[in-house]
Amino acid sequence: MLADHTVVVHPALLATFTALVAGVMALWANPRRTLNRYFFSFSIHVSVWTYLVYQAVSSSDGLIWVRAICTVAAWFPLHLWSLKEAVLRIARPWRAQLSRSAPWGALCLFASIIPLTEWFVPSHSTTSNREYGTGYFVYVIVNVGAYLLLCRETVLQARRQLGVARIELQILLIGGSLAALAMLALMGARAAFPSLSEIQVQPLVVIAFYALTVLAMTTHRIFEPRYLLRIAMKRFVLVCTVG
Numbered sequence: 001m002l003a004d005h006t007v008v009v010h011p012a013l014l015a016t017f018t019a020l021v022a023g024v025m026a027l028w029a030n031p032r033r034t035l036n037r038y039f040f041s042f043s044i045h046v047s048v049w050t051y052l053v054y055q056a057v058s059s060s061d062g063l064i065w066v067r068a069i070c071t072v073a074a075w076f077p078l079h080l081w082s083l084k085e086a087v088l089r090i091a092r093p094w095r096a097q098l099s100r101s102a103p104w105g106a107l108c109l110f111a112s113i114i115p116l117t118e119w120f121v122p123s124h125s126t127t128s129n130r131e132y133g134t135g136y137f138v139y140v141i142v143n144v145g146a147y148l149l150l151c152r153e154t155v156l157q158a159r160r161q162l163g164v165a166r167i168e169l170q171i172l173l174i175g176g177s178l179a180a181l182a183m184l185a186l187m188g189a190r191a192a193f194p195s196l197s198e199i200q201v202q203p204l205v206v207i208a209f210y211a212l213t214v215l216a217m218t219t220h221r222i223f224e225p226r227y228l229l230r231i232a233m234k235r236f237v238l239v240c241t242v243g
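At position 98 of the sequence shown (counting the first as 1) the number is 98 in our numbering, and the numbers step up by one without a gap.
Below is the structure:
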């Protein structure tokens, strides 16, 4: 007789699945709307990041994956800023839009290069003897500043919005920025408390953010969902909660 085995799904894989399904559902709700398409691409971005987190946990050479994780995560501020512009539906010539996004792109490019250098974490750093370079703390500070600036800009612009647009800014931009700040706080805490494994907690933050987003989709009709989307999302939240 076969022995019973408990199936355990790693939180990072669950977060990857959650981000993919939420992104597909938003795109299916209204594929013609720019915000829905941007949210879908953002969800793909998140799912790539969470899958790299899973690889870092399951691989014996975790440092390579940690560098990849931080490099991919460095581009989240630009993606969130693009979501904000899509919510506001600001129509600008492509040159003007490119000019506005250039500072964010330059900031993200700078942050994405840091993890690839010895300035971030030395190659001789090990799990039992962790060492952090100056670039590690510069990376955290630069990203914290980017998200705080994004929150400030979003709050100022949200005051001039009404109805669903304001809710979308609050859920996607403020919620997403706070989730990212929580992950950066975990990174900073790991340097102070080496026994802390923030990489195990970060996927749970992603799941919480998407659970809040899905709840908003089904109750406040953000992303302009259809009736069937509401039913599907409620079932999806139930399955994720049980999982």
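By construction, the Cβ of each residue, glycine as well, lies at the ideal position given by its N, Cα and C atoms.
If you draw a straight line from the Cα of R160 to the Cα of P122, it comes to about 47 angstroms.
Around the beta carbon of H124, fewer than 16 other beta carbons sit within 10 angstroms, so the residue counts as exposed.
When the five nearest sequence neighbours on each side are left out, the beta carbons in the same chain lying within less than 7 angstroms of the beta carbon of Y38 are those of S82, L83 and A86, in order along the chain. Boundaries of the alpha helix (DSSP H) around Y51: T34 to S58. The continuous stretches of alpha helix (DSSP H) do not include H124, and DSSP gives it neither H nor E. Between Q157 and S59, the alpha-carbon positions lie close to 43 angstroms from each other. Out of I44, R95, T34 and N30, the CA that lies nearest to the CA of L20 is found in I44.
Exposure of E118 is indicated by the presence of fewer than 16 other C-beta atoms within 10 angstroms of its C-beta. Exclusion of the five residues before and after C70 leaves P115 and Y139 as the residues of its chain whose Cβ lies within less than 7 angstroms of its Cβ.
About 6 angstroms separates the Cβ atoms of V214 and A22, confirming a contact at the 8 angstroms cut-off. CA-CA distance, Y136 to G62, rounds to 16 angstroms. For W28, the secondary structure class from DSSP, reduced to helix, strand or coil, is helix.
Going by C-alpha positions, L178 is about 30 angstroms away from R95.
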